[in-house]
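First up is the structure itself, then whatever we jot down about it.
Protein chains: 2
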Amino acid sequence: MAEEFNEIIAVLKAQHIRPTKIREEILNLFFDVNHALSHSDIFLKLKNKFDRVTIYRTLEMFGNKGLIHKIVDNSGVTKYASHGHGGCDVNFKHHKTNHIHFKCKQCGNIYCLCSIEVPKVDVPAGYEMQVLNLSAEGICKICSS
Amino acid sequence: MAEEFNEIIAVLKAQHIRPTKIREEILNLFFDVNHALSHSDIFLKLKNKFDRVTIYRTLEMFGNKGLIHKIVDNSGVTKYASHGHGGCDVNFKHHKTNHIHFKCKQCGNIYCLCSIEVPKVDVPAGYEMQVLNLSAEGICKICSS
DNA sequence: CATCAATTGCAACACTGTTGCAAAACAAAC
DNA sequence: GTTTGTTTTGCAACAGTGTTGCAATTGATG
Ligand SMILES: [Mn+2]
Ligand SMILES: [Mn+2]
Ligand SMILES: [Zn+2]
Ligand SMILES: [Zn+2]
């Protein structure tokens with residue numbers, strides 16, 4: 001619980017989300033870490049307290065309200081990262097624009113690298129590119145030190 | 146069946162894969178298209194002829210033998226693309242090196258763009274990048290014409 | 001043909017994600 | 001504070017994907 005109870009509630013209210021127990025606790029989990037969390041991460045950390053369906057619905061809602069974003073890593077695992085606080089490799093309050101995701105091969109964590117630019121890429125004639133997603137793999141700051 | 150029966154068998158034998166019925170038919174499907182196929186694509190095209198588990202095992206084996214590679218798109222769907230023949234946007238016989246995948250928002254197909262370079266990206270200090278995966282989204286050559 | 005190894009199909013299972021519905025919690029009005 | 005209507009939650013059920021174990025089949029080899 002690194003964050004103040006009241007700050008969590010304030011963030012929820014700012015997005016017109018009713019601050020219920022499960023919502024406070026899930027948002028608190030995101031604010032406590034600087035990497036992405038999977039549904040099962042969250043389910044385990046809140047062991048037995050809430051139904052898994054409610055967690056799915058909460059995550060979907062947080063996504064719609066812009067509090068978190070969904071990340072599918074290249075092994076197919078879905079995770080979610082907070083937009084505020086610890087979700088980023090630097091202390092940006094928001095990193096809602098397109099950015100690179102870094103997956104550590106050692107600890108498995110996914111970090112949002114919002115401080116580096118997404119490069120431009122030209123696609124072959126005939127293709128019309130709208131979005132470019134980048135994901136890196138390697139060893140994270142913590143595991144390499 | 147764009148390809149010769151004998152060519153399929155030759156490719157299988159070259160990788161020391163016994164040319165059984167299901168293997169010939171699956172490899173033939175890959176050689177017939179220039180985009181990636183999902184397990185269920187394959188299962189449906191070979192309707193009722195083979196067990197789904199055998200298809201999974203065949204795909205895994207083709208992957209290990211270097212005939213196809215696995216692609217997880219950013220919505221979490223797993224597909225497989227052939228290394229030879231039509232799997233690529235240009236007629237490379239092999240494109241086993243790292244390359245960009247393009248997903249068409251209209252038809253849903255995934256194409257391997259092996260003719261364009263994967264850019265270099267610098268990650269923040271402390272991170273050690275080993276692989277960089279790129280996936281583009283937009284409108285494919287066919288759907289935009 | 002007999003033998004042994006590889007391949008296949010089937011049953012069962014785990015995991016992820018979704019939907020419908022009824023109970024509970026909550027906010028607003030009386 | 002009680003009634004009323006809306007949101008939220010939990011539960012049951014289900015679909016899709018992928019994996020494993022095992023027995024039956026197929027195929028290669030002598
Ligand atoms: Mn991110
Ligand atoms: Mn490819
Ligand atoms: Zn790590
Ligand atoms: Zn298309």
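Line by line, the protein sequences give chains A and B. Just so we're aligned: 96 in this note's numbering is position 96 of the first sequence, and the numbers increase by one with no gaps anywhere. Every number in this note's numbering is 145 more than the matching position in the second sequence, counting from 1. The beta carbon of each residue, even a glycine, is placed where N, CA and C say it ideally should be.
| query | Who are the neighbours of residue 252(B) on chain A, taking C-beta pairs under 9 Å? | reply | Those within 9 Å of residue 252(B) in chain A number zero; the least Cβ separation is about 12 Å.
| Would you say residue 255(B) and residue 215(B) are within 8 Å of each other, going by their C-beta atoms? | For the 8 Å CB-CB criterion, residue 255(B) and residue 215(B) do not form a contact.
| request: Indicate the three-state DSSP secondary structure (helix, strand or coil) for residue 31(A) in the structure shown. | output: In the structure shown, residue 31(A) adopts helical secondary structure according to DSSP, grouped into three states.
| field | Per-residue contacts from residue 129(A) into chain B (C-beta, under 9 Å) | value | Contact of residue 129(A) with chain B by beta-carbon distance below 9 Å involves 247, 281, 282, 283 and 284.
| field | Same chain only: Cβ atoms within 8 Å of residue 24(A), ignoring 5 sequence neighbours per side | value | In its chain, beyond the 5 residues on either side, 5, 8, 9 and 12 have a beta carbon closer than 8 Å to the beta carbon of residue 24(A).
| query | How many Å lie between residue 138(A) and residue 191(B) at the Cα? | reply | Roughly 39 Å between the two C-alpha positions.
| Roughly how many whole angstroms lie between the Cα atoms of residue 187(B) and residue 17(A)? | Rounded to the nearest whole angstrom, the CA to CA distance from residue 187(B) to residue 17(A) is 44 Å.
| task | Check each residue's C-beta against every heavy atom of ligand 2 and list, in chain order, those closer than 6 Å. | result | Listed along the chain, these residues meet the criterion: 214(B), 216(B), 226(B), 244(B), 246(B) and 257(B).
| Pocket of ligand 5 defined by Cβ to heavy atom distance under 7 Å | This structure does not include ligand 5; its bound ligands are ligand 1, ligand 2, ligand 3 and ligand 4.
| said: Taking the beta strand (DSSP E) that residue 72(A) belongs to, which residues open and close that run? | reply: 68-72 is the span of the beta strand (DSSP E), which, as asked, contains residue 72(A).
| query | Cβ of residue 281(B) within 8 Å of Cβ of residue 245(B)? | reply | Annotated as proximal: residue 281(B) and residue 245(B), with beta-carbon spacing under 8 Å.
| field | Element boundaries [alpha helix (DSSP H), containing residue 64(A)] | value | Start and end: 52-64.
| Beta-carbon spacing of residue 134(A), residue 189(B) below 8 Å | Judged by beta-carbon spacing, residue 189(B) lies beyond the 8 Å limit of residue 134(A), meaning their Cβ atoms are not closer than that value.
| Which residues in the same chain have their Cβ closer than 6 Å to the Cβ of residue 252(B), if we skip the five residues on either side of it in sequence? | Cβ neighbours of residue 252(B) beyond the five flanking positions: 288.
| field | Rounded separation between residue 128(A) and residue 261(B) - CA only | value | Rounded to the nearest whole angstrom, the CA to CA distance from residue 128(A) to residue 261(B) is 14 Å.
| field | For residue 205(B) and residue 247(B), the rounded distance between their alpha carbons | value | Each residue's Cα considered, the two are about 22 Å apart.
| Within chain A, partners of residue 261(B) - CB distance below 9 Å | Taking a Cβ-Cβ cut-off of 9 Å, the neighbours of residue 261(B) in chain A comprise 121, 122, 123 and 124, given in sequence order.
| query | Based on Cα-Cα distance, which residue from 51(A), 62(A) and 52(A) lies nearest to residue 28(A)? | reply | Nearest Cα to residue 28(A) within the set 51(A), 62(A) and 52(A): 62(A).
| said: Just checking: is the beta-carbon of residue 204(B) within a distance shorter than 8 Å of some beta-carbon in chain A? | reply: Not one chain A Cβ lies under 8 Å of residue 204(B).
| At what residue ranges does the segment 223-282 of chain B contain a whole run of the beta strand (DSSP E), taking only runs of 3 or more? | Listed in chain order, the complete beta strand (DSSP E) runs (minimum 3 residues) inside the segment 223-282 of chain B are 223-227, 245-249 and 255-258.
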